[in-house]
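> Once you've had a glance at the structure underneath, I'll fire off some questions.
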Ligand code: ADP
Ligand code: TYD
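In our numbering, the protein residues as written are 73 to 283.
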């Protein structure tokens with residue numbers, strides 16, 4: 073990795089449907105970069121700061137119709153703003169690598185597409201309140217049925233979105249692939265339907281190639 077990146081930090085996000093292997097791959101990438109001497113902050117959304125973790129419980133637990141799409145968009149954006157102020161910006165300013173399990177592309181998909189077309193509102197709010205994109209976004213692409221069965225096998229209380237079912241997963245998969253085309257300069261798509269090790273090799277190659 074070049075000194076230039078070491079000095080200004082590097083912001084990497086993982087995106088994809090539930091159960092696609094984002095958390096697993098984010099952790100393996102963090103281990104790899106730390107073994108190579110990089111200072112890494114591994115974080116996630118919704119969450120990643122104490123306040124945003126509190127909002128996480130509000131949006132991920134309870135009935136699927138607990139919030140309207142608009143209210144949900146405001147909650148996710150509030151959580152992201154806190155995460156950005158308290159965790160992401162300070163880490164990047166200190167020259168660290170930030171690896172984030174989901175970021176604004178998840179809002180473009182889940183709040184922007186899942187219940188009507190709110191994409192413009194998502195983008196407007198993002199411009200107003202967030203204003204940054206990752207340097208690199210790794211999309212772990214995955215068959216929706218397989219992703220959902222992996223996600224539900226975890227049996228956590230955070231199943232509000234998984235309760236929307238396979239149809240939503242399929243819509244999100246197609247949406248993420250479209251987003252990868254829209255933001256082709258920062259997205260890399262990796263096939264998540266393989267072994268953990270095979271996926272991890274592609275992730276590491278992508279990051280090494282980009283840095
Ligand atoms: P996500 O963060 O995208 O929801 P996780 O990394 O939590 O996905 O993985 C969901 C489940 O699938 C976990 O139990 C994990 O151990 C398992 N898993 C992750 N990647 C693979 C893979 N490539 N092959 C098989 N199982 C996997
Ligand atoms: P996450 O914990 O990453 O779930 P998983 O490990 O199952 O992929 O995210 C929880 C849910 O939150 C997920 O279903 C997607 C949703 N989500 C949004 O709807 N909008 C957002 O902006 C983010 C970051 C997540």
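Glycine residues also receive a C-beta, built at the ideal position from the N, C-alpha and C atoms.
If you draw a straight line from the C-alpha of residue 182 to the C-alpha of residue 228, how long is it?
Their backbone Cα atoms lie some 20 Å apart in a straight line.
> Restricting to Cα atoms, I'd like to know which of 188, 187, 279, 210 is closest to residue 176.
Nearest C-alpha to residue 176: 210.
> Out of 199, 276, 208, which has the shortest C-alpha to C-alpha gap to residue 107?
Nearest of 199, 276, 208 to residue 107, Cα basis: 276.
> Does DSSP put residue 190 in a helix, in a strand, or in coil?
Of the three classes helix, strand and coil, the one that applies to residue 190 here is coil, per DSSP.
> Taking any heavy atom of ligand 1 as the mark, which residues have a C-beta closer than 7 Å to it, listed down the chain?
In chain order, the qualifying residues are 88, 90, 91, 92, 93, 94, 95, 96, 97, 173, 212, 222, 223, 225, 226, 264, 266, 267, 268, 271.
> Give a yes or no on whether the C-beta atoms belonging to residue 178 and residue 240 are separated by under 8 Å.
Contact: no.
> Just checking residue 199 against ligand 2 - is the residue's beta carbon closer than 7 Å to any of the ligand's heavy atoms?
False, no ligand heavy atom lies under 7 Å from that Cβ.
> Tell me, please, whether the region 134-141 touches the region 151-165 by the rule of three or more beta-carbon pairs shorter than 8 Å.
Counting Cβ pairs under 8 Å, fewer than three are found: no touch.
> Among the candidates 249, 260, 111, whose CA atom is the shortest distance from the CA of residue 282?
For residue 282, the nearest C-alpha among the options comes from 260.
> Please state the DSSP three-state secondary structure of residue 125.
It is helical.
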